[in-house]
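Remarks on the structure that follows.
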Ligand SMILES: CC(C)(COP(=O)(O)OP(=O)(O)OC[C@H]1O[C@@H](n2cnc3c(N)ncnc32)[C@H](O)[C@@H]1OP(=O)(O)O)[C@@H](O)C(=O)NCCC(=O)NCCS
């Protein structure tokens, strides 16, 4: 079976451990999702209500149970500090593709953690039989674009007015990686 998720995968990198997200991780994601700088290029604005973050995480946990996605909590191997999350979503087994996502708390930026984590997620996806990954960024999300380029993604197109945020429509770039 393509990307069999009966047992949710724990992944390890040189410096990080990626464990499937659980409801209790909402406590760690709350300050990250509440940070306007982190959320500047996310589809929704920063979230200032811990209950809403808990609902988001609950939805992600359910998505994993349905086999539609995997969301990982990213912690450092040394002190087990929660640094962020990354995911494979929109898993389409027929077409052997999925969308990749990532988010780090601001203090964890600039250390190569996202590069390290997503590289391992890509290897997991390829090992599970996926043959294509996509990523979608809002225009201006330079850090994500640089990261995706380092990972080998190439730009495939522009989705005009794809997101409605802060009273205006935003364009998004689509990046793809054939595995
Ligand atoms: C997108 C995001 C995850 C990128 O984080 P990041 O830390 O810039 O990405 P990387 O893990 O690739 O790290 C690259 C940086 O680490 C530095 N670095 C330090 N040690 C490193 C190492 N061992 N290996 C690689 N890079 C290293 C690089 O020089 C680079 O620094 P610079 O940005 O100052 O040039 C982060 O900006 C984020 O969470 N943004 C908000 C959420 C978001 O927009 N998500 C994406 C939606 S599509």
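Residue numbers (the working numbering): 167 to 345. Quick reminder that beta carbons are idealized off the backbone N, C-alpha and C, glycines included. This structure is a prediction, so every number in the text was calculated from the model and none was measured.
Could you round the C-beta distance between residue i and residue j to whole angstroms and report it? I think they count as a contact, below 8 Å.
i, j, result
"residue 198", "residue 259", "Not quite, the Cβ-Cβ distance comes to about 30 Å (not below 8 Å), so this is no contact."
"residue 414", "residue 312", "An answer regarding residue 414 cannot be provided, because it is not within the stretch 167 to 345 covered by the chain."
"residue 192", "residue 219", "5 Å"
"residue 343", "residue 317", "7 Å"
"residue 207", "residue 307", "4 Å"
"residue 304", "residue 338", "6 Å"
Is residue i near residue j, with beta carbons less than 8 Å apart?
i, j, result
"residue 302", "residue 265", "yes"
"residue 254", "residue 223", "no"
"residue 296", "residue 335", "no"
"residue 174", "residue 290", "no"
"residue 358", "residue 299", "Outside the displayed span of the chain (167 to 345) sits residue 358, for which this structure offers no information."
"residue 272", "residue 203", "yes"
"residue 226", "residue 281", "no"
"residue 209", "residue 200", "no"
Using a Cβ-Cβ distance cut-off of 8 Å, determine whether residue i contacts chain B.
i, result
"residue 222", "Included in the structure is just one protein chain, with no chain B present."
So does residue i have its beta carbon nearer than 7 Å to some heavy atom of ligand 1?
i, result
"residue 279", "yes"
"residue 108", "With the chain covering 167 to 345 only, the question about residue 108 has no answer from this structure."
"residue 238", "no"
"residue 242", "no"
"residue 196", "no"
"residue 268", "yes"
"residue 298", "no"
"residue 218", "no"
"residue 301", "yes"
"residue 331", "no"
"residue 255", "no"
"residue 310", "yes"
"residue 316", "yes"
"residue 204", "yes"
"residue 342", "no"
"residue 276", "yes"
"residue 250", "yes"
* Between the region 233-251 and the region 178-189, are three or more C-beta pairs nearer than 8 Å? -> Taking a contact to require three or more Cβ pairs closer than 8 Å, the region 233-251 and the region 178-189 qualify as touching.
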